[in-house]
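Residue numbers (my numbering): 7 to 409. Virtual Cβ for every residue (Gly too), placed ideally from N, Cα, C. What follows is a short report on a single structure.
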Amino acid sequence: MLKRRQILQYAGLLSTTTLLTWGFNGKRQNVTANPSQKNLMVIFLRGGIDGLNVVVPYQEAAYYNARPTIAIPTPNQENGVLNLDGHFGLHPALSDLMPLWKQGSLAFIHACGSPDPTRSHFDAQDYMENGTPGIKKTDDGWMNRLLGSLPAQVPTKAVNLGSTTPKILKGRAAIASLPLGNKADQALKLERLPIQQSFDLLYAGNDPLSIAYQQGRQAREVLLQELSQEMVAASQGAPATGVFAKNAPKIAQLLQGKTDTQLAFLDLGGWDTHVNQGGSQGSLARKLKDLGAGLAALVNGLGSAYSDTVIVVMSEFGRTLGENGNQGTDHGHGNVMWVLGGGIRGGKVYGDWPGLEDEQRELDITTDFRDVLITLLQNHLQLGDNQLAQIFPQYNPKSILQI
Numbered sequence: 007m008l009k010r011r012q013i014l015q016y017a018g019l020l021s022t023t024t025l026l027t028w029g030f031n032g033k034r035q036n037v038t039a040n041p042s043q044k045n046l047m048v049i050f051l052r053g054g055i056d057g058l059n060v061v062v063p064y065q066e067a068a069y070y071n072a073r074p075t076i077a078i079p080t081p082n083q084e085n086g087v088l089n090l091d092g093h094f095g096l097h098p099a100l101s102d103l104m105p106l107w108k109q110g111s112l113a114f115i116h117a118c119g120s121p122d123p124t125r126s127h128f129d130a131q132d133y134m135e136n137g138t139p140g141i142k143k144t145d146d147g148w149m150n151r152l153l154g155s156l157p158a159q160v161p162t163k164a165v166n167l168g169s170t171t172p173k174i175l176k177g178r179a180a181i182a183s184l185p186l187g188n189k190a191d192q193a194l195k196l197e198r199l200p201i202q203q204s205f206d207l208l209y210a211g212n213d214p215l216s217i218a219y220q221q222g223r224q225a226r227e228v229l230l231q232e233l234s235q236e237m238v239a240a241s242q243g244a245p246a247t248g249v250f251a252k253n254a255p256k257i258a259q260l261l262q263g264k265t266d267t268q269l270a271f272l273d274l275g276g277w278d279t280h281v282n283q284g285g286s287q288g289s290l291a292r293k294l295k296d297l298g299a300g301l302a303a304l305v306n307g308l309g310s311a312y313s314d315t316v317i318v319v320m321s322e323f324g325r326t327l328g329e330n331g332n333q334g335t336d337h338g339h340g341n342v343m344w345v346l347g348g349g350i351r352g353g354k355v356y357g358d359w360p361g362l363e364d365e366q367r368e369l370d371i372t373t374d375f376r377d378v379l380i381t382l383l384q385n386h387l388q389l390g391d392n393q394l395a396q397i398f399p400q401y402n403p404k405s406i407l408q409i
């Protein structure tokens, strides 16, 4: 007998979101790649990653004074940072990304973030996802508004790589959800033909609820047919970043121009490092190693589609300049955004670096995260002012970066 929770799980198809799985016995169709499709993928690191230990200002004495046990050594020392430009260095655990930096398809924007001063994870994440910092009443996310501004909407145009729709993708436009990780290749318990047929009969009309259901069913069928049957999940309880690294080739398949998918979102947890953060080695380093490996695998899997893809890595806020008494860091403000893509002007750390001083609590913000996103939407997706005003309402960009 079906439990109410199970009924509600399946009834999620009746919203603007449908749940997909990787492993499905659907036949792969021959699909012609769309060479003109421009893709955007956003990776959100939940918890507030320590940007100062990702892109390290190794020429700043205040950085080392404030972090006696967790600072990353200078480039000329053992386990030191990987020199980027003579002032900043990359955490050594991210060595897989250095080829992208050297070829000019990886850039960083430092001292970046939301102008709202909150240090609440929930509020800060909501503000970044809805694109209206300080305004809690915004119901939809900026990626859903972006989806609504793109032509030729189909249910599979935006994919959430998770089972629960995040705030950034909530809204009127239909999206698809594709879980990663343990048992991601298994069908839902309610994926049985009699139940599907019953729902099909119940919602066969032309009313909005029936149309939403039909779009959800269509999204599921199309994506599952276009993904190869061999691409099954293999996380087996791995940490979030490990799940990404192992599933990166599958994610790349979605964005290769062989499906309708143009927007993708993935969130990874575990970046709230109050205790035992570590420096060149340790907890944060292990997560960064997996993240770097996942990004490198994603780029490799994209192949020629990488030239038409932009990947943004962001987090709700940064960490304190000084380490705490538990060899970790606390909630801060300014952070670093990452941008990868074959069409960007990489090999550079962008932003107006404010510098660090002794006794300073946290990194100041000099670049609004929306300025970065607007720049990418203008240059990459070729959106105009009217579209951008709908995606980020009541906001005038302060600077357009030459990314």
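Within 10 Å of its beta-carbon, does E232 have 16 or more other beta-carbons around it, so buried, or fewer, so exposed?
Note that E232 scores 48 on pLDDT, short of 50, meaning its location in the model is unreliable; the coordinates nonetheless yield the value given after this. It is buried - the Cβ of E232 has at least 16 other Cβ atoms within 10 Å.
Please name the residue in S405, L290, S120 and A218 whose C-alpha comes closest to that of P139.
S120
Close-in-space but distant-in-sequence residues of the same chain around Y133 (CB under 6 Å, 5 per side omitted)
S120, D122 and P139
Take every Cβ of the region 325 to 333, pair it with every Cβ of the region 47 to 65, and state whether three or more of those distances are shorter than 8 Å.
yes
Looking at the strands, I want to know which residues DSSP matches up with D273.
F50
Same chain, Cβ closer than 7 Å to Y70, five either side skipped, listed in chain order:
A77
With 16 other CB atoms within 10 Å as the buried threshold, where does D273 fall?
buried
Give a yes or no on whether the C-beta atoms belonging to S183 and N166 are separated by under 8 Å.
yes
Enclosing alpha helix (DSSP H) for S289 [first to last residue]
S289 to L308
For a quick check, are the C-beta atoms of V342 and V61 less than 8 Å apart?
yes
Per-residue burial, P63 [other beta carbons within 10 Å of its own, 16 or more giving buried]:
buried
Tell me, to the nearest whole angstrom, how far the beta carbon of I181 is from that of L153; I am working on the premise that it is less than 8 Å.
7 Å
Measuring CB to CB, does G168 end up less than 8 Å from G147?
no
Using three-state DSSP, classify P214 as helix, strand or coil.
helix
Status (buried if at least 16 other CB within 10 Å, exposed otherwise) for R198
Bear in mind that the predicted position of R198 carries a pLDDT of just 49, short of 50, making it unreliable; the figure below should be weighed with that in mind. When all chains shown are included, R198 counts as exposed.
In the DSSP assignment, what are the bridge partners of N166?
S183 and F271
Under a Cβ-count criterion, where at least 16 other Cβ atoms within 10 Å of its own Cβ denotes burial, should D278 be classed as buried or exposed?
buried
Using 10 angstroms around the beta-carbon of L103, count the other beta-carbons present and answer buried if the total reaches 16, otherwise exposed.
buried
What residue from D377, H386 and D391 has the CA that sits closest to S405's CA?
D377
Distance between H116 and T372 (C-alpha atoms, nearest Å)
8 Å
Leaving out five residues on either side along the sequence, give the residues of the same chain with a beta carbon under 7 Å from the beta carbon of Q393.
S155
Three or more C-beta pairs below 8 Å linking the region 106 to 114 and the region 343 to 353
yes
Is it buried or exposed for Q83, if we count other Cβ within 10 angstroms and need 16 for buried?
exposed
If you measure between the beta carbons of G353 and R52, is that distance less than 8 Å?
no
What three-state label does DSSP hand L88 in the structure shown?
strand
DSSP three-state call for D336: helix, strand or coil?
coil
Pair within 8 Å by beta-carbon distance, Q262 and G309
yes
Taking only the alpha-carbon atoms, compute the straight-line gap between Q224 and A179 and give it to the nearest angstrom.
14 Å
For N330, which residues of its own chain have a beta-carbon under 8 Å away from its beta-carbon, when the five flanking residues on both sides are left out?
H280 and D336
Over the uninterrupted beta strand (DSSP E) stretch that includes A311, give me the two end residues.
Careful: A311 lies outside any beta strand (DSSP E) and carries neither H nor E.
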